[in-house]
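Q: Per the working numbering, the very first residue in the sequence shown carries number -6; after that it's consecutive. Have a look at the structure that comes next, please.
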Amino acid sequence: MRLIALLCTLSCAGAALAQEDQFLHQRTPARSAAVERPVGRQQDTARVPVGTVTIVESSRIQGYMVDYTAKKRALKGYRVQIFLGDRSQAEAVRRSFLQQHPDIPAYLSYLAPNFRVRVGDLRDRMEAEFLKDKLRPAFPGSYLVPDDIQPPKLKTIAESGTAP
């Protein structure tokens, strides 16, 4: 048994030593005139004159670009769900909410077999929690849901009243 263990140890040690490269630690200095010469600015570079670029594209591509920029893309955010039930009740809840809070958007959506009313377009959870707490007396069963929200409308210079 000792003989087998000794042979295994020697064969493993021999294999480990065979993996080492014998030329790895020998360094020979490389001398070349191209390497030792200092590199400076090249004086023979060509100067390119300033020109114009003409883009030739189809009118369909321009139409696609206009459509793409006009389309509003949804952001990840939060809404407060205030109702889940049948359609007539959901529409009534949405109408009453919009009468009480005309500045907060309300959305009616269908998730089989129920309709749901979600309100707000809130980008972070803290704002959503604040709105939920504000709506809690009127809608006690409300809760937060992560949702795709509409981006907020940006104010123009005329609306904000300040000039840049």
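Where a beta carbon is used, it is the ideal one built from N, C-alpha and C, also for glycine. No experiment lies behind these values; they were computed from the predicted model shown.
With Val112 as the anchor, note down where its beta strand (DSSP E) starts and where it stops.
A: Taking the first residue of the sequence shown as position 1, residue 112 is located at position 119. Per DSSP, Val112 belongs to the beta strand (DSSP E) from 107 to 115.
Q: Going by the CB atoms, is the gap between Ala121 and Val73 shorter than 8 Å?
A: The count along the sequence shown starts at 1 and reaches residue 73 at position 80. The count along the sequence shown starts at 1 and reaches residue 121 at position 128. A contact, by the Cβ cut-off of 8 Å.
Q: Please classify Phe123: is it buried, with 16 or more other beta-carbons within 10 angstroms of its beta-carbon, or exposed?
A: Translated into positions along the sequence shown, residue 123 becomes position 130. It counts as exposed.
Q: Applying the 10 Å Cβ sphere with the 16-neighbour rule, what's the burial state of Ile75?
A: Position 82 of the sequence shown, counted from the first residue, corresponds to residue 75. Classification for Ile75: buried.
Q: Taking the alpha-carbon of Leu137 as reference, which of Lys127, Ala39, Leu91 has the nearest alpha-carbon?
A: By one-based count along the sequence shown, residue 137 stands at place 144. The shortest C-alpha separation from Leu137 is found at Lys127.
Q: Which ranges does the beta strand (DSSP E) cover as unbroken runs of at least 3 residues, wholly within the segment 60 to 91, from first to last along the chain?
A: Within the segment 60 to 91, the complete beta strand (DSSP E) runs of at least 3 residues are 68 to 78.
Q: Opposite Asp140 in the DSSP bridges: which residues?
A: As a working mapping, residue 140 is identified with position 147 in the sequence shown. Paired residue(s): Gly70.
Q: With which residues is Ser102 paired in a DSSP beta bridge?
A: Position 109 of the sequence shown holds residue 102. Arg109.
Q: Alpha helix (DSSP H) containing Lys166: first to last residue?
A: Any property of residue 166 remains undetermined from this structure, which presents the chain solely from -6 to 157.
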